[in-house]
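A.B. asks:
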Amino acid sequence: MSTTPRARLVVLISGSGSNLQAFIDASASGTLPAEIAAVISNNPGAKGLERATSAGIPALVLNHRDYTERTQFDRELADLVEQFQPDLVILAGFMRILSSAFVDRFAGRLLNIHPSLLPKYPGLNTHQRAIDAGDSSAGATVHFVSNELDGGPPILQASVPIVAGDSPDTLAARVLTQEHQIYPLAAEWFCRGRLQLENGVVLLDGAPLPQSGYRYSPPEEVNDVAK
Ligand code: GRF
-10 MSTTPRARLV
0 VLISGSGSNL
10 QAFIDASASG
20 TLPAEIAAVI
30 SNNPGAKGLE
40 RATSAGIPAL
50 VLNHRDYTER
60 TQFDRELADL
70 VEQFQPDLVI
80 LAGFMRILSS
90 AFVDRFAGRL
100 LNIHPSLLPK
110 YPGLNTHQRA
120 IDAGDSSAGA
130 TVHFVSNELD
140 GGPPILQASV
150 PIVAGDSPDT
160 LAARVLTQEH
170 QIYPLAAEWF
180 CRGRLQLENG
190 VVLLDGAPLP
200 QSGYRYSPPE
210 EVNDVAK
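Numbering follows the numbering used here, in which position 101 of the sequence shown is assigned residue number 90; successive positions increment by one, without gaps.
Written out as structure tokens, the structure reads:
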């Protein structure tokens, strides 16, 4: 039995919440030594809210449409998150740009996953852009969040092949299977005290990671797609 104390996570979502589900499953199975203290969405219609409720996790909505000022929304969101005393805050498909009013409050304990091999394709439409560029691979990156959009220091990357006939949707589905592996894994490192951000440098077990993060080896079935 693990002796690691369970960390407290708050997960922010806007949509389907399949990454949230990966966290719920990893927490339930014990691979992730953490409990999800709350799930918060800016979108009242987010399907992920139902996933949270089904798992017995408090599911809250803070609708950004009720705010005229971005910084006011960010401040109130930070206050709400803080009420749950998180060790780690997880952005899991949270489709709002967060200003420093939020980011600075959780520096070093705020993670995001982005569906590209950063620094390639920050921002939106990553899969379309990778296909249009004729890239042979795509992927996802877990990173610490900084005040630069999708620009914080990378922790873990997984890549998948882009195959003939791929659409943004088929590619997104292939990348998502990898997101569900690497995001709980990066959180597990953090919760076990193996991962830190120090002066902008990501340390795993005390040693700096490569600039683009640790490269995760995709499981067999992903390689099979390219054959
Ligand atoms: C994922 O592709 C994630 O990388 C991006 O938004 C998507 C969220 O998917 N930031 P889900 O809501 O976790 O299913």
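No residue lacks a Cβ here, since even glycine has one placed at the ideal position from N, Cα and C.
Are Asn8 and Tyr172 close, meaning C-beta to C-beta below 8 Å?
C.D. replies: As a first step, residue 8 is located in the sequence shown; it is residue number 19 there, counting from the start. As a first step, residue 172 is located in the sequence shown; it is residue number 183 there, counting from the start. In this structure, Tyr172 lies closer than 8 Å to Asn8 by Cβ.
A.B. asks: Does Arg40 pass the burial test, meaning 16 or more other C-beta atoms within 10 Å, or should it be called exposed?
C.D. replies: Here residue 40 corresponds to residue number 51 of the sequence shown, with the count starting at 1. Buried: at least 16 other Cβ atoms inside 10 Å.
A.B. asks: Does the separation of the CB atoms of Ala122 and Gln167 fall below 8 Å?
C.D. replies: Looking up residue 122 in the sequence shown gives position 133. Looking up residue 167 in the sequence shown gives position 178. Cβ distance not < 8 Å, so Ala122 and Gln167 don't count as in contact.
A.B. asks: Just list the alpha helix (DSSP H) runs in the region 52 to 128, keeping only unbroken ones of 4 residues or longer that don't cross its boundaries, in chain order.
C.D. replies: Those alpha helix (DSSP H) runs which fall completely within the region 52 to 128 and span 4+ residues are 59 to 72, 89 to 92 and 115 to 121.
A.B. asks: Where Glu210 and Tyr203 are concerned, what is the direct C-alpha to C-alpha distance, given to the nearest angstrom?
C.D. replies: Along the sequence shown, one-based indexing puts residue 210 at 221. Along the sequence shown, one-based indexing puts residue 203 at 214. In this predicted model, Glu210 has a pLDDT of only 47, less than 50, meaning its place in the structure is not dependable; the value taken from the coordinates is given anyway. The straight-line gap from Cα to Cα measures roughly 21 Å.
A.B. asks: What three-state label does DSSP hand Gln185 in the structure shown?
C.D. replies: As a first step, residue 185 is located in the sequence shown; it is residue number 196 there, counting from the start. Strand.
A.B. asks: Kindly indicate which residue of Gln200, Pro111, Arg118 and Leu1 has the alpha-carbon position closest to the one of Gly140.
C.D. replies: Along the sequence shown, one-based indexing puts residue 140 at 151. Of the candidates Gln200, Pro111, Arg118 and Leu1, the one whose C-alpha sits nearest the C-alpha of Gly140 is Pro111.
A.B. asks: From the DSSP output, which residues share a beta bridge with Gln146?
C.D. replies: Locating residue 146 in the sequence shown gives position 157, counting from the first residue. Thr130 and Arg204, per the DSSP bridge assignment.
A.B. asks: State yes or no: is the C-beta of Leu138 nearer than 7 Å to some heavy atom of the ligand FMN?
C.D. replies: The ligand FMN is absent from the structure shown, which contains only the ligand GRF.
A.B. asks: Contact between the region 90 to 106 and the region 20 to 32: three or more CB pairs below 8 Å?
C.D. replies: no
A.B. asks: To the nearest angstrom, how far is it from the Cα of Gln185 to the Cα of Leu49?
C.D. replies: Within the sequence shown, the letter at position 196 stands for residue 185. Within the sequence shown, the letter at position 60 stands for residue 49. Approximately 29 Å between the Cα atoms of the pair.
A.B. asks: What number of angstroms, rounded off, separates the C-alpha of Ala67 from the C-alpha of Gly182?
C.D. replies: By one-based count along the sequence shown, residue 67 stands at place 78. By one-based count along the sequence shown, residue 182 stands at place 193. Answer to the nearest angstrom: the Cα atoms are 23 Å apart.
A.B. asks: Can you tell me whether Val149 is buried or exposed? The criterion is at least 16 other CB atoms within 10 Å of its CB, across all chains shown.
C.D. replies: One-based indexing of the sequence shown puts residue 149 at position 160. Val149 is buried by the Cβ-count criterion.
A.B. asks: In terms of DSSP beta bridges, what is Pro197 paired with?
C.D. replies: Walking along the sequence shown from the start, residue 197 turns up at place 208. Note: Pro197 sits in a beta bridge opposite Leu192.
A.B. asks: Using the beta-carbon count (16 or more within 10 Å), is Ile86 buried or exposed?
C.D. replies: Translated into the one-based positions of the sequence shown, residue 86 becomes position 97. Ile86 is exposed by the Cβ-count criterion.
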